[in-house]
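When we follow our numbering, the leftmost residue of the sequence shown carries the number 30, and every step to the right adds one.
Have a look at the structure below before the remarks.
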Amino acid sequence: MFDRLKALLTSIEIAAEPTDDPTPLAAAMLLFEVAWADHEILTAEVESMVSALTQLFGIEESAARALTDRAIEAHETETSIYPFTRAINDALSVEEKQQLITTLWRLALADQIVDKYEEHAIRRIADLLYVPHRDFIRAKRDART
Numbered sequence: 030m031f032d033r034l035k036a037l038l039t040s041i042e043i044a045a046e047p048t049d050d051p052t053p054l055a056a057a058m059l060l061f062e063v064a065w066a067d068h069e070i071l072t073a074e075v076e077s078m079v080s081a082l083t084q085l086f087g088i089e090e091s092a093a094r095a096l097t098d099r100a101i102e103a104h105e106t107e108t109s110i111y112p113f114t115r116a117i118n119d120a121l122s123v124e125e126k127q128q129l130i131t132t133l134w135r136l137a138l139a140d141q142i143v144d145k146y147e148e149h150a151i152r153r154i155a156d157l158l159y160v161p162h163r164d165f166i167r168a169k170r171d172a173r174t
């Protein structure tokens with residue numbers, strides 16, 4: 030229990046640093062949440078996560094891989110996606126959040142099958158990001174084309 034508390038406090042300290050933008054890590058956590066929704070992580074999904082992070086934030090592939098690894102490790106201790114959706118809400122515009130939802134759909138389609146749990150995770154994230162349902166559906170359609 031002490032280790033969990035220590036990890037939580039450490040993650041709060043890291044996010045509180047002014048030079049450390051929590052948005053890319055928050056996006057990586059949400060991407061991993063969708064990828065893990067069916068309790069199976071495929072190589073195609075990991076590659077899709079890395080590609081999404083490089084495109085969304087204009088970062089190097091090595092930095093995107095490091096964020097992906099960090100998200101995978103942090104997933105074991107995190108109990109809620111709310112802190113990550115809050116960070117996204119604080120940092121991204123409406124259009125950027127819609128783009129993130131489209132990216133989540135593309136990730137779900139990386140294995141050519143959208144599992145019902147992946148769809149539920151995306152719907153929950155979209156709700157927490159205050160993305161209207163019509164934009165949720167539009168993002169799904171855009172991801173398929």
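The beta carbon of each residue, even a glycine, is placed where N, CA and C say it ideally should be.
Computed from a predicted structure; not experimentally measured.
| Check | Outcome |
| --- | --- |
| What are the start and end residues of each continuous beta strand (DSSP E) run of 3 or more residues lying completely inside the stretch 73-131, in chain order? | none |
| Residues in the same chain with beta-carbon distance under 8 Å from residue 148, minus the five sequence neighbours each way, listed in chain order, please. | 137 |
| Given this structure, state the Cα-to-Cα distance separating residue 72 from residue 64, to the nearest angstrom. | 11 Å |
| With contact counted as at least three CB pairs below 8 Å, one residue from each stretch, are the stretch 120-139 and the stretch 89-101 in contact? | no |
| Let's test the definition: count the other Cβ atoms within 10 Å of the Cβ of residue 141 and tell me whether it reaches 16, buried, or not, exposed. | exposed |
| On the CB-based measure, 16 or more other CB atoms within 10 Å of its CB, does residue 48 come out buried or exposed? | Only weak support exists for where residue 48 lies, its pLDDT of 40 falling under 50; the coordinates are left without a value. |
| Taking the alpha helix (DSSP H) that residue 146 falls in, what are its first and last residues? | 145-157 |
| Mind checking residue 46: buried by the 16 CB within 10 Å criterion, or exposed? | Note that residue 46 scores 39 on pLDDT, short of 50, meaning its location in the model is unreliable; the coordinates nonetheless yield the value given after this. With fewer than 16 Cβ atoms within 10 Å of its Cβ, residue 46 is classed as exposed. |
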